[in-house]
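Okay, so here's the structure we're looking at.
In the working numbering, the protein residues as written are 44 to 109.
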């Protein structure tokens, strides 16, 4: 198995897990909140906005830039 396939499978697993957690939260099967509500809570404060922006920059720089 190539390193690319391992990385792609890892991203697919992370995306699938996030999707399942969000669906469970939307249907009330857990005490977690949906992703939109979590993002809204993070973006409410200035520090949260900066941390989210830095997280997106880090993700883009390390994983998406080729």
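Ideal placement from N, C-alpha and C gives every residue a C-beta, glycine not left out.
Inter-residue Cα distance where the pair is residue i and residue j
i, j, result
"residue 49", "residue 103", "19 Å"
"residue 73", "residue 61", "14 Å"
"residue 57", "residue 69", "18 Å"
"residue 78", "residue 90", "19 Å"
"residue 97", "residue 81", "17 Å"
"residue 45", "residue 65", "30 Å"
"residue 107", "residue 54", "12 Å"
Whether residue i touches residue j by CB criterion (9 Å)
i, j, result
"residue 86", "residue 100", "no"
"residue 84", "residue 76", "yes"
Bounding residues of the alpha helix (DSSP H) (the contiguous stretch that carries residue i)
i, result
"residue 60", "46–69"
"residue 91", "89–102"
"residue 82", "78–86"
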